[in-house]
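A quick write-up on the structure given underneath.
There are 2 protein chains.
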Amino acid sequence: MTISRGFPAAEFEARLENAQRRMAAAGLDLLLLTTEPDVRYFSGFLTQFWQSPTRPWFLLVPAKGKPVAVIPGIGAPAMARTWIEDIRTWSSPNPEDEGLSLLAETVRELAGETARIGLPSGPETHLRLPLAEYDRLRAMLPDATFRDDAGIVRALRIVKSEAEIAKIAAACDLVSGVFEDWFGWLAPGMSEQEIFRRFKIACLEAGADDVSYLVGGAGSGGYGDIISPPSERKVRDGDVLILDTGTLLDGYFCDFDRNYAIGAPSEAVAAAYRTVYAATEAGLAAARPGATCADLFRAMADVLSSDGAAAGNVGRIGHGLGTVLTEWPSITADDKTELVPGMVMTLEPGLEYAPGKMMVHEENIVIRADGAELLTRRAPGEIPVVR
Amino acid sequence: MTISRGFPAAEFEARLENAQRRMAAAGLDLLLLTTEPDVRYFSGFLTQFWQSPTRPWFLLVPAKGKPVAVIPGIGAPAMARTWIEDIRTWSSPNPEDEGLSLLAETVRELAGETARIGLPSGPETHLRLPLAEYDRLRAMLPDATFRDDAGIVRALRIVKSEAEIAKIAAACDLVSGVFEDWFGWLAPGMSEQEIFRRFKIACLEAGADDVSYLVGGAGSGGYGDIISPPSERKVRDGDVLILDTGTLLDGYFCDFDRNYAIGAPSEAVAAAYRTVYAATEAGLAAARPGATCADLFRAMADVLSSDGAAAGNVGRIGHGLGTVLTEWPSITADDKTELVPGMVMTLEPGLEYAPGKMMVHEENIVIRADGAELLTRRAPGEIPVVR
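So the sequence lines, in the order shown, correspond to chains A and B. The first sequence begins at 1137 in this note's numbering and counts up by one. The second sequence begins at 1137 in this note's numbering and counts up by one.
As structure tokens, this is what we get:
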């Protein structure tokens, strides 16, 4: 699959302008970003090197002008290929001064001693910096204010640009094809481990960059757990198999699942599948600008409960996605986030149709002015049977 | 590749006993763990679901008795299959009370209102919890003390058990074979993206669970950046290609690289390769119990500088590895960590032999009573040539 890699500078200019407008309204002089998705959002810096926790990375978004990167020297060549121009580095690792004095100096230069610094602090965020280092940083900037980013990063990242949507759509399309061509990698008698491996290879062959996330499994008459790694157990007649994948293309995820019956499904399995399929249909109809996540939840939950089934223990039936496998918002009974065009989401209704037997369905959509647009190719209306 | 999955309960009992002995000495009533490697270390809980940042997960290690899991309901079935018995769950996501009241209640039950709680806070750690939630938790436990874990988690995780070493060794062995069979996946004229994809498929075919980390690339006469994703550029005669992979087997990483010359290498390339090879030999000889990381650094750096070459900007020439791609310690000029048997490490000497041209070599070892034992199969003494 050939896609256009990266983004033009205009994409980052728009993100920056949007952030700076909100920073002015919130009374923030700087955003201090420390995590992979946040740094990448404003810089385009894409590397798997974040898996190494040794070194902190910082991106400062000032009130005016382009973001400034304060990063370990090892990252300089790659950062220099982004649209970021002001790149300051220290020789790392250096536990005595792991970039903090350089960061503090840059903060003072950009916003003075009394800088009002916003850090993403709300749900689904974390500070990618040791607690002791965060204490040290605050001590180095005693007159600065460290506070929440006023939800600015969430507000920006939750609505995708057309260029972002195109990447997610390409990932969805690629994986939809792999799921549809299941006969290329799935057969009764394979172990879960073998199935997972074959599926990953099929995704790579189809052009995926990485199959970062693959969970699921099989069970006789149904599965009871949807987050486990695969076992050595061989799938056999009467099993239900679920694969739920987050596959990456140019740093953007799809996130959806597919179910397969190994041999003829029981009536309970076939019916549970139809119910989650119908719940997804209700979600597709309800996912329009102006509706809230709670509305969307209710539309799907009504179908699930009409079947008399117990809700599963997943706590939500869909969520946002993008550069992270799961992002805000959550489709729950209480989430009042209003849907707006450009939000990319999963619809993920699930039910427990017998004790310890779950059925979870998932599609990916983008909210458009006139309603939901499917990014995945719709799953079949009846559970596919593998013989 | 067939390996024994997971660990017997005795492995976790030993880790717990070791932690509790150190907690008593440090005056800690509880360890509060929030990250994937730390929670897994004491529980055996293995899932890719951590990629979703929506829900916090907590494991409390008390002064006596087994760890207690305070986790989202979605994780209960998988956690119940570990050796953990006391599993408390809440329905998540629930931003109003994202597990905090259940966590606070459990803290009080285990260690009272004045609990002295240790959190990993030093280098290479982070708190996997939004800052606002951490503030909330402390407000819910006003008489408790939150402080550093006294380095206990680092002290334990830095020394591997034989069972852990066996998993890393298996990953190293598997990937060594893939690198040696390069003619199966590497040919001149392929793009970097195609090479990366073929390499990942080869690792999966050989039995790897995941190729979570693969960076590197090629450049004419040498490469200048070792952390980037692959480009669409086709490799050609005169290129030097490096692939650096962290490949997973049962939750444990190998982390090493290999270099290839596309067509006959220049004398500068061949010589740089010999230098990093020789530096690694010096590291293998110097890596013995009682030596410090600084000693190990000096042994390798002396060889690198005898060649008159500039050190690269990576800041260190090796590190620990295990459940995370890079772990403590770092092989730097100043790291005084003493090597002890059971430490698993990379030796990773690199140099810049011309402006923007790097050569980085990497092997994985375990420290034994009588010196370094290679876990990877040694790279060839001369740079392999791909024609």
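The beta carbon of each residue, even a glycine, is placed where N, CA and C say it ideally should be.
With a cutoff of 8 Å on beta-carbon distance, L1475 (chain B) and R1424 (chain B) are scored as near each other. Here T1281 (chain B) is bridged, per DSSP, to B:R1252. For D1271 (chain B), the enclosing alpha helix (DSSP H) begins and ends at 1267 to 1276. Under the 10 Å beta carbon count, V1521 (chain A) is surrounded by fewer than 16 other beta carbons and is classified as exposed. Chain B has a Cβ within less than 8 Å of the Cβ of F1185 (chain A). Beta bridge pairing from DSSP links I1519 (chain A) with no other residue. In the structure shown, L1350 (chain B) falls within a strand segment according to DSSP collapsed to helix, strand and coil. For the region 1157 to 1212 of chain A, the full-length alpha helix (DSSP H) segments reaching 4 residues or more read 1172 to 1179 along the chain.
Going by beta carbons, T1473 (chain A) and F1433 (chain A) fall outside the 8 Å limit.
Proximity of K1370 (chain B) to chain A, defined by a Cβ-Cβ separation below 8 Å, is not satisfied.
Residue environment analysis places K1296 (chain A) among the buried positions, since at least 16 neighbouring C-beta atoms fall within 10 angstroms of its C-beta. Under the three-state reduction of DSSP output, M1479 (chain A) falls in the coil class, being neither helix nor strand.
Along the region 1456 to 1471 of chain A, going in chain order, the ones with a CB nearer than 9 Å to a CB of chain B are V1460, L1461, T1462, E1463, W1464, S1466, T1468, D1470, D1471. For the 8 Å CB-CB criterion, V1405 (chain A) and V1376 (chain A) form a contact. With fewer than three CB-CB distances shorter than 8 Å, the region 1189 to 1196 of chain B does not count as touching the region 1502 to 1522 of chain A. The beta carbon of M1215 (chain B) sits closer than 8 Å to the beta carbons of S1179, F1181, A1205, I1207, I1223 from its chain, once the five residues preceding and following it are set aside; these are given in chain order.
L1310 (chain B) is not a Cβ neighbour of L1384 (chain B), given a cutoff of 8 Å. In this structure R1293 (chain A) does not touch H1262 (chain B) by the C-beta definition: roughly 20 Å separates them, more than the 8 Å allowed. Sorting B:K1200, B:W1219, B:A1155 by C-alpha distance to the C-alpha of F1143 (chain B) places B:W1219 at the top.
With a 10 Å radius around the Cβ and a threshold of 16 neighbouring Cβ atoms, D1285 (chain A) comes out buried. E1234 (chain B) carries a coil assignment under DSSP once its states are collapsed to helix, strand and coil. Within the DSSP secondary-structure output, L1510 (chain B) pairs in a beta bridge with B:I1501. With a threshold of 8 Å between beta carbons, H1262 (chain A) makes contact with chain B.
Using a Cβ distance threshold of 8 Å, L1195 (chain A) and V1175 (chain A) count as a contacting pair. The secondary-structure analysis by DSSP pairs I1467 (chain A) with nothing; it has no beta-bridge partner. DSSP places R1334 (chain B) in no beta strand (DSSP E) but in the uninterrupted alpha helix (DSSP H) bounded by 1328 to 1341. Checking the DSSP bridge columns, you'll see M1494 (chain B) partnered with B:Y1359, B:E1488. For T1411 (chain A), the enclosing alpha helix (DSSP H) has its first and last residue at 1403 to 1422. The CB of R1333 (chain B) comes closer than 9 Å to the CB of L1340, E1341, G1343, A1344, D1345 in chain A, given here in chain order.
Minimum Cα-Cα distance from G1358 (chain B) among the listed residues B:L1340, B:G1517, B:D1279, B:I1378 corresponds to B:I1378. The C-beta separation of T1482 (chain A) from F1392 (chain A) comes to about 6 Å, placing the pair in contact by the 8 Å criterion.
Restricting attention to A:R1514, A:M1276, A:I1288, the CA atom closest to the CA of A1160 (chain A) is found in A:I1288.
CA-CA distance, Q1156 (chain B) to S1228 (chain A), rounds to 33 Å.
In the structure shown, E1147 (chain A) adopts helical secondary structure according to DSSP, grouped into three states.
By the neighbour-count definition (other C-beta atoms within 10 Å, threshold 16), P1465 (chain A) is a buried residue. At least one C-beta of chain A is nearer than 8 Å to the C-beta of L1255 (chain B).
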